[in-house]
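See structure below.
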Amino acid sequence: MSDAPLSGILSLNCEDPLQFEQEQYWTDMTIPPLKDTEKPALFRRYPVLEEHLPWISLTKTPTPVERLATLEQELDVGGLWIKRDDMCGCGYGGNKPRKLEFLLAEAKVKGAKSLITLGGLGSHHTLATVACANRLGFQSSLILAKRPLSEKGKQNLLASHAMGASLSYASNDVFAGWMIALVYMRLWRRDGVRPYFVAPGGTSALGCLGYVSAAFELAEQIQRGECPEPDAIFVAMGSMGTAAGLWLGLRLAGLSTQLVPVRVYQDFRTNPFGLKWYAMASQRLLSRHIPNFEKVSLPTSEIDIIKGFIGPGYGHITTAAREAASRLS
Numbered sequence: 002m003s004d005a006p007l008s009g010i011l012s013l014n015c016e017d018p019l020q021f022e023q024e025q026y027w028t029d030m031t032i033p034p035l036k037d038t039e040k041p042a043l044f045r046r047y048p049v050l051e052e053h054l055p056w057i058s059l060t061k062t063p064t065p066v067e068r069l070a071t072l073e074q075e076l077d078v079g080g081l082w083i084k085r086d087d088m089c090g091c092g093y094g095g096n097k098p099r100k101l102e103f104l105l106a107e108a109k110v111k112g113a114k115s116l117i118t119l120g121g122l123g124s125h126h127t128l129a130t131v132a133c134a135n136r137l138g139f140q141s142s143l144i145l146a147k148r149p150l151s152e153k154g155k156q157n158l159l160a161s162h163a164m165g166a167s168l169s170y171a172s173n174d175v176f177a178g179w180m181i182a183l184v185y186m187r188l189w190r191r192d193g194v195r196p197y198f199v200a201p202g203g204t205s206a207l208g209c210l211g212y213v214s215a216a217f218e219l220a221e222q223i224q225r226g227e228c229p230e231p232d233a234i235f236v237a238m239g240s241m242g243t244a245a246g247l248w249l250g251l252r253l254a255g256l257s258t259q260l261v262p263v264r265v266y267q268d269f270r271t272n273p274f275g276l277k278w279y280a281m282a283s284q285r286l287l288s289r290h291i292p293n294f295e296k297v298s299l300p301t302s303e304i305d306i307i308k309g310f311i312g313p314g315y316g317h318i319t320t321a322a323r324e325a326a327s328r329l330s
């Protein structure tokens, strides 16, 4: 699993950015009509949650698990598998739509007409939010913080603009983005507008449930014999929501799999204590709605965060990253 799409799900094929048109975008990235499809694995495990937690279908699950036999041979390792969340079926791969299924449903319940969120320039999170929000009739406002802008990031910006999102640039990294978001929220509320705030990366107690559910989904696949129980799951960790949800979900599902987050953001923002805070917040949310809920222990000693692959900083593409992407392509 990864905090970014594993393959080129979004292919704009636009040589001149000034000639980019919304029609071309929808040709390349189509979101299917929403249906009351199969409920998430979390609701299958705890049916009572359907009565208490908002959720709307934005993905096609379960996403497949595949064995990487060729890569196993290249690396001389055994039992290497991948869960293909880049094939979530919503028109945009990656981890964001699982979180947005809960968050945008809550926005609907609260009667919001617009959303505000923040991320780095060219952020996958902000684009995924706009794409899903448009399908549900929300207007999106994006606060974009300073970060290196790759060609893929430029395409993401163009796509967000083509779908009508309002873009604001915060040149002083994420802190300035938070300040701008707070100012916008206050101004809009003063004018009688109550936008729904989507936290960076969709990471919140509610958003993390998307990956609690993904862990239950994986447990079901293991039970069906589609893959063995992993010894370890490696996952990129930025806003920490995916990792926190997986950690909690693995333990609630009774799996002993070790979670190994790989840091993609600065040390002081991604740490075991923050990870536990989000996981525990999600567990408290579940315990409020599930009778006789049995809480699980989440000691930080279980978590071994891998460092040293961030390069010069968040968003910088390293040589090792290019080589890894090439091997998976």
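The sequence shown begins at 2 in my numbering and counts up by one. Just so you know, even glycine gets a beta-carbon here, dropped at the ideal spot from N, CA and C.
What is the rounded straight-line gap between the Cα of Lys277 and the Cα of Arg289? 18 Å
Buried/exposed call for Thr271, threshold 16 Cβ in 10 Å: buried
Backbone CA spacing between Lys111 and Thr71 [nearest angstrom]: 48 Å
Would you check if there are 3 or more beta carbon pairs closer than 8 Å linking the stretch 189-208 to the stretch 226-235? no
Buried or exposed: which applies to Met180, given that a residue is buried once 16 or more other Cβ atoms fall within 10 Å of its Cβ? exposed
Nearest to Lys61 by CA position, among Leu128, Glu324, Ala215, His317, is which residue? Ala215
Considering only C-alpha positions, which residue in the set Glu39, His53, Leu299, His125 is nearest to Ser240? His125
Name the two residues that bound the continuous beta strand (DSSP E) containing Ile144. 140-146
Buried or exposed: which applies to Glu102, given that a residue is buried once 16 or more other Cβ atoms fall within 10 Å of its Cβ? buried
What residues in its chain sit with their C-beta under 6 Å from that of Ala166, if we drop five residues either side in the sequence? Val131, Ser141, Leu143
Report the residue from Phe294, Gly211, Met281 whose alpha carbon sits nearest the alpha carbon of Leu43. Gly211
Where are the beta strand (DSSP E) runs, 3 residues long or more, that stay fully inside the stretch 39-113, in chain order? 66-68, 82-84
Which one of Glu218, Phe310, Arg285 has the shortest CA to CA distance from Pro262? Phe310
When DSSP builds the beta bridges, which residues end up paired with Ala171? Ala146
Endpoints, beta strand (DSSP E) assigned at Ala237: 233-238
In or out: Gln74 buried (at least 16 other Cβ within 10 Å) or exposed? exposed
Can the beta-carbon of Val66 be found closer than 8 Å to that of Trp56? no
I need the DSSP call for Pro201, collapsed to helix, strand or coil. helix
Taking Gln259 as part of the alpha helix (DSSP H), name the residues at either end of that continuous run. Segment 259-264 is the beta strand (DSSP E) holding Gln259; no alpha helix (DSSP H) there.
Work out the CA separation of Leu145 and Leu122 for me, nearest whole Å. 5 Å
Can you give, in chain order, each stretch of the alpha helix (DSSP H) that sits fully within the stretch 256-318 and has at least 4 residues? 273-290
How many Å lie between Ala108 and Ser298 at the Cα? 31 Å
Tell me the DSSP secondary structure of Ser327 in three-state form. helix
In terms of DSSP beta bridges, what is Ser115 paired with? Gln140
Collapsed DSSP secondary structure at Gly120 in the structure displayed: strand
Starting from Ser161, trace the alpha helix (DSSP H) in both directions and tell me its first and last residue. 152-163
Quick check on Ala321: buried or exposed, where buried means 16 or more other Cβ atoms within 10 Å of its Cβ? exposed
When the Cα of Pro313 is compared with those of Gly202, Val236, Arg148, which residue comes out closest? Arg148
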